[in-house]
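Before any comments, here is the structure.
In the numbering used here, the protein residues as written are 6 to 126.
Shown next, in the form of structure tokens:
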């Protein structure tokens with residue numbers, strides 16, 4: 006049974022805590038800083054197909070581990086670049102048809118956060 010990705014079953018992870026080396030100035034990249042990531046993934050298989058078996062779904066614990074592993078091994082100037090790489094990695098590593106994410110950085114003294122949002126594909 007196929008269904009539109011806009012109305013399909015989805016898994017959402019809210020405000021995953023990350024430590025990333027990201028920033029334009031070199032001193033900002035010198036040590037990891039706190040970011041948060043909220044994401045929604047649309048698995049290729051609908052929830053009605055899972056038969057209560059973990060192996061048939063997108064393991065959200067595995068998704069979190071993969072993201073943390075990817076982020077810990079990178080240094081980027083732009084959070085836009087990091088967001089794109091996270092999305093590409095998730096689509097390549099898990100049975101996901103679509104991913105939407107918001108990556109937040111807490112660097113401006115007079116703003117709660119700065120964020121980028123992307124959807125792939």
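We put the CB at the ideal spot given by N, CA and C, even for glycine.
Cβ-heavy atom distance between residue 39 and the ligand MG below 7 Å? Inclusion of the ligand MG in the displayed structure is not the case, the ligand content being empty and no account of it being possible.
Could you check whether the stretch 63-72 touches the stretch 27-37, counting it as contact only if at least three pairs of C-beta atoms, one from each stretch, sit closer than 8 Å? no
Beta-carbon proximity list for residue 75, same chain, < 6 Å, skipping 5 on both sides: 94
Name the residue from 54, 82 and 50 whose alpha carbon lies nearest to the alpha carbon of residue 36. 82
Delimiting residues of the beta strand (DSSP E) encompassing residue 109: 101-110
Buried or exposed for residue 119, please, with buried defined as at least 16 other CB atoms from any protein chain shown within 10 angstroms of its CB. exposed
Under the three-state DSSP convention, the category residue 89 falls into: helix
Looking at C-beta atoms only, is the number of pairs between the stretch 102-112 and the stretch 41-61 that lie closer than 8 Å three or more? yes
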